[in-house]
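Participant: Take this structure first; my questions come after.
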Amino acid sequence: MERTQVLEKDSRFIDVVTEIILSVFRLNAQLLEQGDRLVKPLSLTSARWQVLGAIAMAGEPQTAPQIAAAMGVTRQGVQKQLNLAVAEGLIDPHPNPRHQRSPLHALSARGRAAYSDAMALQSVWAKSLGQGLSLAELQSAKQVLCALEHRLSSVNTS
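First residue of the sequence shown: 17, per the working numbering; consecutive thereafter.
What follows is the structure, given as structure tokens:
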């Protein structure tokens, strides 16, 4: 293969990866905006819903750093949402025998109900978002996004 063909192929490859990155940025913004609208009737935000979900999916009380790691966000951002959720009665903090200054956070009865209601809304939303796409297409998209996520977590961009 000639050098110009290799460069053209590399250029197309880079262009497609860049388009995927830009699409993910736009998708993330839309998911957060529409997620806020979806759970607003439950007095939740997308951010608070994500924190409730991280705790629910862990299956046991979590520290702020554990929640942040599961969500791929900063501990400070999670802590802000935890403080608000505790004040709203959605989350109960418990002493952590392993770390006195890092409490374990569990969903309260109100938090479990809010999360359950949010997931019922999300189920209908997900079904409508996936309309017209085959299961194979969705699985392929998930596979590509997971591969990119894995590569990003192991690449130093500095």
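Quick reminder that beta carbons are idealized off the backbone N, C-alpha and C, glycines included.
None of these values were measured; they are calculated from a predicted model.
1) On the three-state DSSP scale, how would you describe Pro77?
2) Starting from Leu149, follow the alpha helix (DSSP H) in both directions and report where the run begins and ends.
3) I'd like to know if the segment 134–146 and the segment 41–55 are in contact, where contact means that at least 3 CB-CB pairs between them fall below 8 Å.
4) Roughly how many whole angstroms lie between the Cα atoms of Leu106 and Met87?
5) Check whether the segment 148–155 touches the segment 124–139, taking contact to mean three or more Cβ pairs, one atom from each stretch, closer than 8 Å.
6) Look up Leu120 in the DSSP assignment and give the residues it is bridged to.
7) For Gln46, is the beta carbon positioned less than 7 Å from some heavy atom of the ligand GDP?
8) With a CB to CB cut of under 8 Å and the five nearest residues on each side skipped, what residues in its chain are close to Ile36?
9) Classify Arg42 as buried or exposed, calling it buried when 16 or more other Cβ atoms lie within 10 Å of its own Cβ.
10) Compare the C-alpha of Pro111 against each of Leu38, Asp133, Ile30 and Pro77 and name the closest.
11) Decide if His115 is buried, meaning its Cβ has at least 16 other Cβ atoms within 10 Å, or exposed.
12) Thinking C-alpha only, which one of Ala134, Ala157 and Gly146 is nearest Gln54?
13) Output the residue ranges of the alpha helix (DSSP H) runs that lie fully inside the segment 29–88 and measure 4 residues or longer, sorted by chain position.
14) Give a yes or no on whether the C-beta atoms belonging to Leu145 and Ile71 are separated by under 8 Å.
Facilitator: Let me lay it out:
1) Here Pro77 sits in coil by DSSP.
2) Note, Leu149: premise wrong, no alpha helix (DSSP H); not H, not E.
3) Yes, they touch.
4) Using only the alpha carbons, I get a separation of about 18 Å.
5) Contact fails: fewer than three Cβ-Cβ distances are below 8 Å.
6) Partner(s): His110.
7) Looking for the ligand GDP in the displayed structure turns up nothing, as the structure carries no ligands at all.
8) A distance below 8 Å between beta-carbons, with the five flanking residues on each side excluded, links Ile36 to the following residues of its chain, in chain order: Val160 and Leu164.
9) With fewer than 16 Cβ atoms within 10 Å of its Cβ, Arg42 is classed as exposed.
10) The candidate whose alpha carbon is nearest that of Pro111 is Pro77.
11) Burial call: exposed.
12) The question names Gln, yet the displayed sequence has Leu at residue 54. Measuring C-alpha to C-alpha distances from Leu54 to each of Ala134, Ala157 and Gly146 identifies Ala134 as the nearest.
13) Within the segment 29–88, the complete alpha helix (DSSP H) runs of at least 4 residues fall at 62–74 and 80–87.
14) The answer is no: Cβ separation not under 8 Å.
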